[in-house]
Amino acid sequence: MSKRGTLYEIRRKMQVIAQTIFSYETMTKIYYYIIFKRKINLETPKYFNEKIHWLKLNYYPYNTDVIRATDKYEVREYLEEKNLSKYTNELYGVWNSWNEVEWDSLPQSFALKCTHGARNNIIVDDKDKFDENEVGEQITRWLKEDFSLYNAEVHYSKIKPRIICEKFLDGNMTDYKFFCFHGEPKFFYIASGFGDGEEEKMSFFNLDGTRAGFRRPYYPELSNTEVDIPEKLDEMIEISKLLSKDFPFVRVDLFSLKGKIYFSELTFTPSGGLMKMEPVEVHKMWGDYLNLEKL
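Taking our numbering, I'd label the letters of the sequence shown as residues 568 to 862.
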């Protein structure tokens with residue numbers, strides 16, 4: 568079971584304290600200035616991250632489809648409505664508290680997730696190697712968290728905290744994340760090493776599989792030999808179109824394992840709206856894809 572660093576936990580506690588003092592909008596302005604060293608324009612936003620912050624403050628918290636599509640359990644209903652349930656992982660159970668979980672009845676391997684945040688996952692590849700009480704204590708702590716307090720992502724506060732248990736998927740997974748604007752995927756990135764202890768790498772690609780020419784700083788790019796453009800890329804693009812057509816922006820997160828496509832999640836505020844890109848012109852280019860006038 569992975570453990571977060573002390574500095575990470577201290578930062579999270581400070582964020583919660585600050586958010587209880589200041590409004591979501593004030594904290595948004597503070598976070599944006601810290602990362603980008605300039606004031607955010609929420610009146611007439613033009614950069615991608617500015618528009619994501621506008622959406623997170625003024626649109627996402629009031630859109631019921633956004634809220635249920637962010638919920639790790641309710642999103643299954645959304646996929647069913649789109650006739651895409653075949654891409655979801657097998658579900659073993661959903662519970663409101665750890666007291667409801669019957670540990671002994673669970674299979675030897677499985678994945679536990681909380682429905683109301685990000686990265687609140689415990690992968691159990693062998694139940695005999697895990698301490699039930701330790702797992703329960705960690706899950707219970709996560710259930711008490713309000714994820715919206717960390718990066719002022721208001722829509723997370725609307726989600727009911729629950730636990731879901733899914734099938735353990737064994738093998739080398741590759742993540743594919745499609746950036747979709749008004750129902751149209753524009754590009755995607757391939758990521759590896761996230762959450763498995765290896766070096767985290769990512770590279771952006773156009774929909775035809777060619778490199779997109781922009782990157783996230785701090786993350787090494789995948790070499791050509793590490794790039795895995797899936798044979799089912801066209802199918803992934805079609806899935807992304809179906810799942811994004813109801814929203815002005817959403818990142819459709821999929822992964823591939825042994826040639827099969829799986830749905831991961833829908834991400835409405837990537838990096839909490841604080842994603843740096845190179846070259847800097849990308850921020851305006853992405854912002855131009857996102858039209859807020861009708862909203």
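Backbone N, C-alpha and C define an ideal beta-carbon position, used for all residues, glycine too.
Using the Cβ count rule (16 or more neighbours within 10 Å means buried), how would you classify residue i?
i: K818; result: Residue identity differs from the one stated: residue 818 is Arg in this sequence, not Lys. With 16 or more other Cβ atoms within 10 Å, it is buried.
i: N718; result: buried
i: G854; result: buried
i: Y614; result: buried
i: S790; result: exposed
i: V721; result: buried
i: R605; result: exposed
i: D866; result: Here the chain has residues from 568 to 862 only, and residue 866 is not among them.
i: L862; result: exposed
i: N650; result: exposed
i: R643; result: buried
i: G684; result: buried
My output table needs one value for residue i: the three-state DSSP class, helix, strand or coil.
i: D695; result: helix
i: I828; result: strand
i: V642; result: helix
i: S724; result: helix
i: L633; result: First, the residue type needs correcting, since residue 633 is Val and not Leu in the sequence shown. Reduced to three states, the DSSP call for V633 is helix.
i: G780; result: coil
i: A758; result: strand
i: A678; result: strand
i: F615; result: helix
i: I690; result: strand
i: F772; result: strand
i: T655; result: coil
i: I730; result: strand
i: K702; result: Inspection of the sequence shows that residue 702 is occupied by Val rather than by Lys. Of the three classes helix, strand and coil, the one that applies to V702 here is helix, per DSSP.
i: G572; result: coil
i: G554; result: Only positions 568 to 862 of the chain appear in this structure, which leaves residue 554 out of reach.
i: R578; result: helix
i: F603; result: helix
i: A685; result: coil
i: N791; result: coil
i: I648; result: According to the sequence provided, residue 648 is Glu. The question's Ile does not apply to it. In the structure shown, E648 sits in a helix (DSSP, three-state: H, G or I).
i: P797; result: coil
i: V668; result: coil
i: F766; result: In the sequence under discussion, the amino acid at residue 766 is Glu, which differs from the Phe named in the question. Of the three classes helix, strand and coil, the one that applies to E766 here is coil, per DSSP.
i: A585; result: helix
i: L710; result: helix
May I ask you to list the residues that DSSP assigns as paired with residue i?
i: F748; result: E751, F816
i: T741; result: S823
i: T834; result: R818
i: E845; result: R782
i: G864; result: The chain is shown only over 568 to 862; residue 864 falls outside these bounds and no answer can be derived.
Would you please state the rounded distance, in angstroms, between the beta carbons of residue i and residue j? I believe it to be under 8 angstroms.
i: R782; j: F772; result: With 8 angstroms as the limit, R782 and F772 do not qualify as a contact, their Cβ atoms being about 11 angstroms apart.
i: L774; j: Q586; result: Wrong, their Cβ atoms sit about 38 angstroms apart, outside the cutoff.
i: Y856; j: K753; result: 6 angstroms
i: L824; j: G738; result: 5 angstroms
i: Y599; j: L841; result: 7 angstroms
i: K639; j: K680; result: 5 angstroms
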